[in-house]
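Okay, so here's the structure we're looking at.
2 protein chains.
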Amino acid sequence: MTPTGWTVLGFLSFQPRNGYQLRQAVQRSVGHYWGVSYGQLYPQLKLLAENGFIAPAEPEGDGGRQTVWRLTETGAEALAGWLATPAEPAQRRDEGLVKLLFSDHAGPAVMRRLIEERRVEARARRTRAEETIPGAHWPEGAEKSTETAMAAWLVRAHTVAMADAELAWCDQAEATIAEHFDGQDG
Amino acid sequence: MTPTGWTVLGFLSFQPRNGYQLRQAVQRSVGHYWGVSYGQLYPQLKLLAENGFIAPAEPEGDGGRQTVWRLTETGAEALAGWLATPAEPAQRRDEGLVKLLFSDHAGPAVMRRLIEERRVEARARRTRAEETIPGAHWPEGAEKSTETAMAAWLVRAHTVAMADAELAWCDQAEATIAEHFDGQDG
DNA sequence: CTGAACATGTAAAAGGTTACATGATTTT
DNA sequence: AAAATCATGTAACCTTTTACATGTTCAG
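Residue numbers (the working numbering), protein chains in the order written: chain A, 37 to 222; chain B, 37 to 222.
Put into structure tokens, the structure is as follows:
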């Protein structure tokens, strides 16, 4: 069981899906911080099924062309157990930030480009989060009945908060560079 | 040449170091978003040397027990070329956020623990960035001569900004949970 | 003189991506 | 009829981590 396997299991706790739909759902909602490729997806589905965590939802109603998977009781318990376990510390692989760190000798143009790249990405992340994650306006008029959407709302809020912080940093960084390199009042 | 190789090359552009010192420097300054293990470090150093990007700094002044590497001219050019290339989009592997997404059925206690875990990590990142990255107070009284420290300052500012955003999100997330689960005025 | 830190490496395994391979169904 | 999308999988490769293996130097 790799972390990706757990992620797949978690998504099946929302609703039954086939492999293709799963991959789409994962990419749409947590794509920026947890990608799942087909090369991992299908083997992991197989493994989850072998462990009895998931099972075909419909008895081959489609003729076997596709398999819609659902979470089993065992799977739900296993998922709860995983959630109870402390999470691995988040690891980033942020090449852009590493490049920025070495950009002193490369000059302000390179620095500005590296920052602009981040700005574009951050904007895309923010837009995507607001567009695709359900329950976008959760807290306004929230009631007990909307309970099931709270986690998704918190995650979406996180993505937006991080993107906003990144954008603010981009502005600040550019201002610092401008002041230093072509500023007349810095 | 893996991205890790370039990172090592970049660090050698600051000053000559041996493998052990390199690894320490990397962990200290960019450890949260770019780890380098010995299992990669030494093979990459060997490869960098084969490419002529680095060379032993001192002619075995130590008797050969350790090798202090320095950046060569060729290496500096290669590094500049790498910086001119667009960076790979940052990828995160954030298990905690994935867990949070599935925590609706697990209840508020699990949610709060997941948030607390993030708070602890964010605080540690922030403290570490302020402690260890040089040039912490760069913009105040900055002059042209401090130019070489600007990139490091920007990166440090990024770490701090992200940590602060994370901490603010933690507060907000907890407040949302409190309002919803045990709030009397929510 | 003993333990911590310094220093360098290798082998195996884990985890993941990419490219390949195939075919059905739906849309244009 | 062609093109796009749906759908499932495998094989090879890449990157990285972990565990192992070894020896030196310095501080208490």
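We treat Cβ as the ideally placed atom computed from N, Cα and C, and that holds for glycine.
8 Å Cβ cutoff, residue i in contact with chain A
i	result
R129 (chain B)	yes
D140 (chain B)	yes
Y69 (chain B)	yes
G117 (chain B)	no
A172 (chain B)	Any reading at A172 (chain B) needs caution, since the residue's pLDDT is 46, under 50, leaving its predicted position unreliable; the model's value is listed next. For A172 (chain B), the answer is no, since every Cβ of chain A falls outside 8 Å of its Cβ.
T212 (chain B)	yes
L190 (chain B)	yes
G88 (chain B)	no
V146 (chain B)	yes
Q60 (chain B)	no
A93 (chain B)	no
With 16 other Cβ atoms within 10 Å as the buried cut-off, status of residue i
i	result
E109 (chain A)	exposed
D130 (chain B)	buried
W205 (chain A)	buried
Y69 (chain B)	buried
Q60 (chain A)	exposed
M37 (chain A)	exposed
G222 (chain A)	Residue placement at G222 (chain A) is poorly supported in this model, since its pLDDT is 43, which falls under 50; the coordinates are not used for a value here.
A114 (chain A)	buried
A214 (chain A)	exposed
A145 (chain A)	exposed
G143 (chain B)	exposed
T212 (chain A)	buried
T43 (chain B)	buried
L199 (chain B)	The sequence given here has Ala at residue 199 (chain B), not Leu. Buried, by the Cβ-count rule.
Test: residue i CB closer than 8 Å to a CB of chain B
i	result
L81 (chain A)	no
S73 (chain A)	no
A85 (chain A)	no
E113 (chain A)	no
G100 (chain A)	no
V29 (chain A)	Residue 29 (chain A) lies beyond the range of chain A shown here (37 to 222); nothing can be said about it.
V44 (chain A)	no
Neighbouring residues, chain A, relative to residue i (Cβ below 8 Å)
i	result
G41 (chain B)	Near G41 (chain B) there are no residues of chain A at all, since even the closest Cβ is about 12 Å away, more than 8 Å.
E153 (chain B)	P122, A123
G12 (chain B)	Because residue 12 (chain B) is not part of the residues shown, which for chain B are 37 to 222, the question remains open.
Chain A contact residues for residue i, given Cβ-Cβ distances below 9 Å
i	result
E157 (chain B)	P125, A126
Near the ligand FAD: residue i beta-carbon under 7 Å from a heavy atom
i	result
W205 (chain A)	As for the ligand FAD, it is missing from this structure, which has no ligand bound.
Residue i vs residue j beta-carbon contact at 8 Å
i	j	result
S65 (chain A)	F138 (chain B)	no
R149 (chain B)	L203 (chain B)	no
W105 (chain A)	R53 (chain A)	yes
L77 (chain A)	L107 (chain A)	no
V196 (chain A)	L136 (chain B)	no
G41 (chain B)	Q102 (chain B)	no
L45 (chain A)	G111 (chain A)	yes
K201 (chain A)	A201 (chain B)	Note that residue 201 (chain A) is Ala in the sequence shown, not Lys. Yes, the Cβ-Cβ distance between A201 (chain A) and A201 (chain B) is below 8 Å.
G132 (chain A)	E152 (chain A)	no
M186 (chain B)	D207 (chain A)	no
Chain-ordered neighbours of residue i on chain A, where CB pairs are closer than 7 Å
i	result
P205 (chain B)	Sequence check: residue 205 (chain B) is Trp here, not Pro. Simply A193, H194, A197.
M186 (chain B)	D140, H216
Where residue i meets chain B, residues with beta-carbon distance less than 9 Å
i	result
V104 (chain A)	Chain B residues near V104 (chain A): none, gap ~19 Å exceeds 9 Å.
Proximal residues of chain B, C-beta to C-beta of residue i below 8 Å
i	result
A201 (chain A)	A197, M198, D200, A201
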